[in-house]
Amino acid sequence: MTAHSDPADHEFPDKERPHEERSDEERRQRLAAVRPRLVSFALMHLRDRTQAEDAVQEALAAALEKNASFRGRSGYETWVFGILKHKILDLMRAQQRQGRWTPLEDEDTDDAVDRQFHRDGHWNLEARPRSWGEPEATFESERFWRVFDACMIALPEHLARVFSLRELMGLSTDEICRTVGIGESNCWVMLHRARLRLRACLERGWLEEDTP
Amino acid sequence: MMKCKQATRLMSLALDRPLTRSERLSLRFHLAICGACRRCERQFTLLHRVGERYRPGDDHDTR
Numbered sequence: 000m001t002a003h004s005d006p007a008d009h010e011f012p013d014k015e016r017p018h019e020e021r022s023d024e025e026r027r028q029r030l031a032a033v034r035p036r037l038v039s040f041a042l043m044h045l046r047d048r049t050q051a052e053d054a055v056q057e058a059l060a061a062a063l064e065k066n067a068s069f070r071g072r073s074g075y076e077t078w079v080f081g082i083l084k085h086k087i088l089d090l091m092r093a094q095q096r097q098g099r100w101t102p103l104e105d106e107d108t109d110d111a112v113d114r115q116f117h118r119d120g121h122w123n124l125e126a127r128p129r130s131w132g133e134p135e136a137t138f139e140s141e142r143f144w145r146v147f148d149a150c151m152i153a154l155p156e157h158l159a160r161v162f163s164l165r166e167l168m169g170l171s172t173d174e175i176c177r178t179v180g181i182g183e184s185n186c187w188v189m190l191h192r193a194r195l196r197l198r199a200c201l202e203r204g205w206l207e208e209d210t211p
Numbered sequence: 000m001m002k003c004k005q006a007t008r009l010m011s012l013a014l015d016r017p018l019t020r021s022e023r024l025s026l027r028f029h030l031a032i033c034g035a036c037r038r039c040e041r042q043f044t045l046l047h048r049v050g051e052r053y054r055p056g057d058d059h060d061t062r
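First to last, the sequence lines map onto chains A and B. For the first sequence, counting from 1, position 61 maps to 60 in numbering that gives the first Met the number 0; every step adds exactly one. For the second sequence, counting from 1, position 37 maps to 36 in numbering that gives the first Met the number 0; every step adds exactly one.
Right, here's the structure in full:
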């Protein structure tokens with residue numbers, strides 16, 4: 000995806016409006032329906048409920064103001080998400096200027112990651128990955144997402160933010176470097192740690208609850 | 000020979016940038032003989048797709 004594309008790119012030309020025109024009320028209802036997912040998305044990145052609610056509020060206000068017209072629901076939602084992404088990135092750049100992002104030191108180790116492996120580099124018996132079943136079925140399970148949200152909250156802040164930018168927002172590691180001012184190799188190390196921690200957390204929370 | 004921890008580093012990296020030829024070969028060789036790492040790779044790939052939940056109508060790229 001093109002995370003940096005202008006949301007206006009997705010707008011359809013005005014001449015299509017007569018067939019697609021939405022009433023204010025209808026647009027309000029659609030925005031209200033997508034709001035919970037917007038808040039949850041903002042929260043994953045900003046990790047601060049007030050900031051997340053504010054960002055969503057601003058994005059919704061901007062969406063109402065623009066009065067754009069779309070074919071189909073997903074085009075409209077994608078456009079609103081696009082507006083929110085820009086708000087979130089602005090806030091994150093501001094956080095970076097305030098020095099709230101610090102790069103990892105090379106000698107930093109991560110206990111939660113190291114615990115998954117023997118000193119010789121092989122998996123520890125109890126941490127050895129197990130099968131999660133079919134991806135499609137996994138994604139349809141509501142409980143998977145509850146555990147995922149909990150595991151995201153349990154991640155250390157710097158790992159959660161880099162993971163969110165990469166996997167939720169879909170930025171490249173190069174774009175992440177420029178947004179938050181860290182080196183790319185730092186970014187790769189953080190993503191590796193975030194993925195290992197998340198997989199361990201998901202496996203614990205999700206599979207083990209499953210066994211009768 | 001490459002150990003599991005190093006293999007997970009490469010499978011994570013592969014989601015963020017193209018691997019070099021030698022990285023790709025050593026990862027493939029390790030995965031051929033290690034079931035736990037094959038499952039780990041499937042889990043990383045699944046995690047790589049979680050954004051679909053938040054990006055309606057998005058084409059989920061891999062790089």
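Cβ atoms here follow ideal geometry from the backbone N, Cα and C, with glycine treated the same way. Predicted model only: the values in this text are computed from it and were never measured.
Within the same chain, and ignoring the five residues on either side of B/His47 in sequence, the residues whose Cβ sits closer than 6 Å to its Cβ are Leu14.
Proximity of chain B to A/Leu90 at the Cβ level (cut-off 9 Å) is not reached, the minimal Cβ distance being about 17 Å.
A/Trp122 carries a strand assignment under DSSP once its states are collapsed to helix, strand and coil. Taking every protein chain shown into account, the CB of B/Ile32 has fewer than 16 other CB atoms within 10 angstroms, so this residue is exposed. If you check the CB distance, A/Arg196 and A/Leu167 do not come in under 8 Å.
A straight-line Cα-Cα distance of about 8 Å links A/Trp144 and A/Phe138.
Under the 10 Å beta carbon count, A/Glu202 is surrounded by 16 or more other beta carbons and is classified as buried. Taking CB atoms only, B/His47 has a neighbour in chain A less than 8 Å away.
In the assembly as shown, A/Ser163 is a buried residue. Its beta-carbon has 16 or more other beta-carbons within 10 Å. For A/Pro155, none of the residues of chain B pass the 8 Å Cβ criterion, the least Cβ distance being about 16 Å. In this structure B/Leu45 is not in contact with A/Trp78, their Cβ atoms being roughly 27 Å apart against a cut-off of 8 Å. Taken in chain order, the members of the stretch 106-137 of chain A whose beta-carbon sits within less than 7 Å of a beta-carbon on chain B are Phe116, Asp119, Gly120, His121, Trp122, Arg127, Pro128, Arg129, Ser130, Trp131, Pro134 and Thr137. Spanning the alpha carbons of A/Ile175 and A/Asp47 requires a straight line of approximately 20 Å. Distance from the Cα of A/Arg192 is smallest, within the candidate group A/Phe116, A/Leu63 and A/Arg36, for A/Phe116.
Taking a C-beta distance under 8 Å as the contact criterion, A/Pro128 and B/Arg38 qualify as a contact pair.
Identification of residues in the stretch 182-209 of chain A having a C-beta nearer than 7 Å to some C-beta of chain B yields Trp187, Leu190, His191, Arg194, Leu195, Leu197 and Arg198, given in sequence order.
A residue is called buried once 16 or more other Cβ atoms fall within 10 Å of its Cβ, and A/Met43 is buried on that count.
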